[in-house]
Amino acid sequence: MKLLNFKIFFTIVLGTILMSSCLKDKDYEPVPHAVLTMVNGYTEETGLAYFADNNRIPIPSGFLPYKGLERYRNLFVGNRRIRIVDKTQKAIIDTNYTFKDSTSYTSFVFGNAEATKHIITKDQSVDDLGNNAAVRFLHLSNITDEVSVYIGSDSEPIFTDRVTESATSPEENHLFIAKTTGKQNIVVKNTAGTTIIEREYDFKPGRYVSITLIGERDNTETPLYLAIAEQY
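Position one of the sequence shown corresponds to residue 1 (the UniProt record's numbering), numbered consecutively onward.
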């Protein structure tokens, strides 16, 4: 037993010395990786688990609940198979996506069992953000209305004529824009100018937030909801 312990100790010491030597010689090279954030707007009453190829992406609670957000999960770069499964292990999304080094992405899953949808956005920073907040809006609900979003005292919408997101949505929909900070009201209206939903939010300097319209009209269990994902 003493010999075994000595061997283990020697292995640990040797490994430490070799690692230290490598670091001193600057031989260490960081592994290329991307960063993935996951947002769950899927209205079925179940949490979701995420897989990259056959590797489960860690989520502390095991499954990401409806309205849930999980940030900053590292992924190896390249073409990866992304699967999203519910608690019954049924795959609701099975797709491939190419991830690039040093790039941040967000996975949005939404819809319901009859029409499940999924998009992955490549997240870009806002130049010269300063003391502003960075904001974007994604229409992820099942309503067919085109919607526009007003923030604060602006008389003109910040985001206009948005339809439910799909794989063919323009990339411009996924860009963050600069917005003044502080407590402001967020109002979503349809083309007739009728308010669909609104809520107050305190925008903070330097923060990146995704505003998402999720849920279903006339559904008491998963009604329309204005979710705010504090991402970066």
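Beta carbons: idealized from backbone N, C-alpha and C, even for Gly.
- Around the beta-carbon of residue 188, 16 or more other beta-carbon atoms lie within 10 Å, marking it buried.
- Scanning its chain for C-beta atoms nearer than 6 Å, with the 5 sequence neighbours on each side dropped, one finds around residue 145 the residues 190, in chain order.
- Setting aside the 5 residues that flank it on each side, residue 222 is surrounded in the same chain by 43, 215 and 216, each with a C-beta closer than 6 Å to its C-beta; the list follows chain order.
- Look at residue 45 here: in three-state DSSP terms it is coil, with no helix or strand label.
- Residue 114 counts as exposed, since fewer than 16 other C-beta atoms from the protein chains shown sit within 10 angstroms of its C-beta.
- Between residue 120 and residue 106 the beta-carbon gap is near 7 Å, inside 8 Å, which marks them as a contact.
- In the structure shown, the three-state DSSP call for residue 54 is coil.
- The three-state secondary structure of residue 172, taken from DSSP, is helix.
- Less than 8 Å divides the Cβ of residue 212 from the Cβ of residue 39.
- Beta-bridge analysis with DSSP links residue 184 to 201.
- Per DSSP, the unbroken beta strand (DSSP E) holding residue 81 starts and ends at 78–86.
- Taking C-beta atoms as the reference points, residue 77 and residue 99 count as a pair closer than 8 Å.
- Residue 112 places its beta carbon 8 Å or farther from that of residue 138.
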